[in-house]
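Contents: one structure, followed by commentary.
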Amino acid sequence: MASTWEISHLDLIVRMVLAAVLGGLIGMEREWSNHAAGFRTHILVCLGSATIMLMSIYGFTQFVSEPNVRVDPARLAAQVISGIGFLGAGAIMRNGSAVKGLTTAASVWTVAAIGLCVGAGFYTGAFVCTGMVLVSLYALNKWEKHLLRNRRYHNLEMTIYDAPGSLGRIATIFGEHQIQISDLRIEPMEPEHRFPQEAGKMLLAFKLKSVKPDKLPLAVEAIRRLDVVSSLTVV
Numbered sequence: 001m002a003s004t005w006e007i008s009h010l011d012l013i014v015r016m017v018l019a020a021v022l023g024g025l026i027g028m029e030r031e032w033s034n035h036a037a038g039f040r041t042h043i044l045v046c047l048g049s050a051t052i053m054l055m056s057i058y059g060f061t062q063f064v065s066e067p068n069v070r071v072d073p074a075r076l077a078a079q080v081i082s083g084i085g086f087l088g089a090g091a092i093m094r095n096g097s098a099v100k101g102l103t104t105a106a107s108v109w110t111v112a113a114i115g116l117c118v119g120a121g122f123y124t125g126a127f128v129c130t131g132m133v134l135v136s137l138y139a140l141n142k143w144e145k146h147l148l149r150n151r152r153y154h155n156l157e158m159t160i161y162d163a164p165g166s167l168g169r170i171a172t173i174f175g176e177h178q179i180q181i182s183d184l185r186i187e188p189m190e191p192e193h194r195f196p197q198e199a200g201k202m203l204l205a206f207k208l209k210s211v212k213p214d215k216l217p218l219a220v221e222a223i224r225r226l227d228v229v230s231s232l233t234v235v
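Read left to right, the sequence shown gives residues 1 to 235 (full-length UniProt numbering).
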């Protein structure tokens with residue numbers, strides 16, 4: 001067993017490989033779910049964190065015996081925890097009022113913590129954290145979808161003629177079918193010279209929260225029959 005400030009080459013390699021494996025397990029789930037930060041990203045974050053932790057503990061052993069030198073293994077680890085935020089921020093995307101990527105950013109930050117645990121030799125914490133992250137990302141995700149199956153969101157885009165009361169007629173149909181409009185984006189359509197028939201139209205992009213998902217097809221069919229609707233697409 002290595003002393004406090006020394007580590008064998010075998011133990012060093014085992015810790016780095018273990019960090020890559022644990023980070024890869026979490027990254028694989030993100031990859032399967034087609035998220036921005038996937039398999040390789042999580043491996044690199046976990047391996048990099050473990051390497052920094054190892055360097056923080058064992059990389060300055062030649063200075064331990066020097067006078068007036070104080071070794072603090074937690075100093076570099078603290079910089080990893082605060083500095084990993086730049087990578088997590090890159091996975092977060094905002095589209096209107098919708099924000100995506102928060103879970104992936106959190107998983108990247110947690111993988112950095114797992115790497116620090118492995119690098120410090122805190123194997124129990126690393127394994128328990130990895131297991132709980134996998135349960136959270138996979139099992140709890142399925143449970144959450146089942147729990148919120150009647151509160152799922154749907155995106156609907158339509159082109160309508162810019163006539164008085166058009167939007168009100170569409171909103172009335174949604175209300176009759178117990179569908180709540182969560183977000184609405186309105187874009188006027190600029191007619192091109194070769195498409196003069198597009199004049200007087202606008203694009204409506206709805207984000208809908210349906211209490212009863214079976215009501216949505218009925219509402220869509222009723223909206224299609226309106227004379228002000230030119231085209232309609234469920235995204």
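Just so you know, even glycine gets a beta-carbon here, dropped at the ideal spot from N, CA and C.
Check: C-beta contact flag for Met53 and Gly125 at 9 angstroms; Outcome: no
Check: Candidates Pro188, Thr130 and Gly83: closest to Ala20 by CA position; Outcome: Thr130
Check: Three-state secondary structure assigned by DSSP to Met189; Outcome: coil
Check: Inter-residue CB distance, Met189 and Lys201 (contact presumed, cutoff 8 angstroms); Outcome: 5 angstroms
Check: Alpha helix (DSSP H) segment containing Val14, residue limits; Outcome: His9 to Trp32
Check: For His154, the residue or residues it bridges with in DSSP; Outcome: Leu208
Check: Per-residue burial, Val128 [other beta carbons within 10 Å of its own, 16 or more giving buried]; Outcome: exposed
Check: Reference Ile186; option with closest CA among Tyr161, Ile173 and Gln178; Outcome: Tyr161
Check: Per DSSP, the bridge partner or partners of Ser231; Outcome: Thr159
Check: Spatially closest choice to Glu31 from Arg169, Ser107 and Gly168, by CA coordinates; Outcome: Ser107
Check: Buried versus exposed, by CB contacts within 10 Å (16 or more), Gly48; Outcome: buried
Check: Cα-Cα separation, His154 to Leu218; Outcome: 14 angstroms
Check: Residues bridged to Asp183 (per DSSP); Outcome: Lys207
Check: Other residues of its chain near Thr181: CB distance less than 7 angstroms, five sequence neighbours each side excluded; Outcome: Before going on, a small fix: residue 181 reads as Ile here, not Thr. So the qualifying residues of the chain are Ala171, Phe174, Phe206 and Leu208.
Check: Start and end residues, alpha helix (DSSP H) containing Tyr123; Outcome: Tyr123 to Leu134
Check: Test item: CB-CB of Ala50 and Gly119 under 9 angstroms; Outcome: yes
Check: CA-to-CA distance, Ile43 to Arg194, given in whole angstroms; Outcome: Because Arg194 carries a pLDDT of 43, less than 50, the predicted location of this residue cannot be relied on, and the following value inherits that uncertainty. One C-alpha to the other measures close to 52 angstroms.
Check: Length of the line joining the Cα atoms of Phe122 and Cys46; Outcome: 14 angstroms
Check: Option in Glu6, Thr41 and Glu157 with minimal Cα separation from Ile223; Outcome: Glu157
Check: Residue closest to Val234, alpha-carbon to alpha-carbon, out of Met16, Ile92 and Thr159; Outcome: Thr159
Check: Element boundaries [alpha helix (DSSP H), containing Gly83]; Outcome: Ala74 to Gly83
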